[in-house]
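Participant: After the structure tokens below, expect a handful of questions from me.
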Amino acid sequence: MDKIETNKVSDKVKVIELENSFGVIFPADLEVYFLKENDRFTPSEEQIAKVEFEIDKQYLEAQRKFIYDQVYVRTSEVYGDQEIDKQKAYSDIMESVSKIAKRISKYDRQYVGYVENGKKIILINFIDFSKDPHNLKKDLANELIGGFHGWFQSNIITQNFYLKENKLSVY
1 MDKIETNKVS DKVKVIELEN SFGVIFPADL EVYFLKENDR FTPSEEQIAK
51 VEFEIDKQYL EAQRKFIYDQ VYVRTSEVYG DQEIDKQKAY SDIMESVSKI
101 AKRISKYDRQ YVGYVENGKK IILINFIDFS KDPHNLKKDL ANELIGGFHG
151 WFQSNIITQN FYLKENKLSV Y
């Protein structure tokens, strides 16, 4: 595997080699704009090992619950006034998600720990760098990678792992 450059942001960033990818554990003091109101913690390697074990078991189910909610529960919020065949929409999206689930071990990860309503949560960014038109892999250990539309929407998946509940969720 490639080498991941570190230390641009903090000497406390930890890069771990996973089976088919890299994981980056960010320290509690890394500024994350959308987590400013939350308490933060630095996930331990033991916590990340637990998360990784559960990803294999829970990833597809977490996605299934999210897609079901989007198609069947929040239909008007997601699709507006557009008429849709809910069963076909659900089936088509799940087909795509199932393909991603088979490759998720190859996605690099970024881990950020935070506390919300007393619950310790590890945010996981799954990033597919098989195509990297913005040359972002070099920043994997230096900043939380995110964006909207295009490559970002197609290649970054964010989920949360609730430590006490031992649960992976899109929410």
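Last residue of the sequence shown: number 171 in the UniProt record's numbering, and the count goes up by one each step with no gaps. Note that beta-carbon positions come from the ideal geometry of N, C-alpha and C, so glycine has one too.
1. DSSP three-state call for N7: helix, strand or coil?
2. When DSSP builds the beta bridges, which residues end up paired with S154?
3. Over the uninterrupted beta strand (DSSP E) stretch that includes D92, give me the two end residues.
4. Over the uninterrupted beta strand (DSSP E) stretch that includes residue 184, give me the two end residues.
5. To the nearest angstrom, how far is the alpha carbon of L163 from that of K14?
6. Which of the three DSSP states is assigned to Q159 in this structure?
7. Rounded to whole angstroms, how far is the Cβ of L123 from the Cβ of T75, which I believe are closer than 8 Å?
8. How should Y171 be labelled, buried or exposed, when 16 other C-beta atoms within 10 angstroms of its C-beta is the threshold for buried?
9. Considering S21, what are the terminal residues of the alpha helix (DSSP H) in which it resides?
10. With DSSP run on the structure shown, which of helix, strand or coil describes Q58?
11. Going by DSSP, what residue range makes up the alpha helix (DSSP H) through residue 188?
12. By the DSSP assignment, the beta strand (DSSP E) with I122 in it spans what residues?
13. Which same chain residues, not among the five before or five after V32, have their C-beta less than 7 Å away from its C-beta?
14. Evaluate the contact criterion for the segment 90 to 107 versus the segment 64 to 72: three or more CB pairs, one atom per stretch, below 8 Å.
15. Considering F41, what are the terminal residues of the beta strand (DSSP E) in which it resides?
16. Where do the ends of the beta strand (DSSP E) carrying L136 lie?
Facilitator: Walking through what the data contain:
1. Since pLDDT at N7 reaches only 48, below the 50 mark, its modelled position is unreliable, and the value read off the structure follows with that caveat. If DSSP states are grouped into helix, strand and coil, N7 belongs with coil.
2. S154 pairs with nothing; no bridge assigned.
3. Segment 86 to 103 is the alpha helix (DSSP H) holding D92; no beta strand (DSSP E) there.
4. Beyond the ends of the chain as shown, which are 1 and 171, falls residue 184; an answer cannot be given.
5. 19 Å
6. strand
7. With a Cβ gap of about 27 Å, L123 and T75 do not count as contacting.
8. exposed
9. Looking at the DSSP string, S21 is not in any alpha helix (DSSP H), and its letter there is neither H nor E.
10. helix
11. One cannot answer for residue 188 here, as it falls past the ends of the chain, which runs 1 to 171.
12. 119 to 127
13. V112, L144
14. yes
15. 39 to 41
16. Note, L136: premise wrong, no beta strand (DSSP E); not H, not E.
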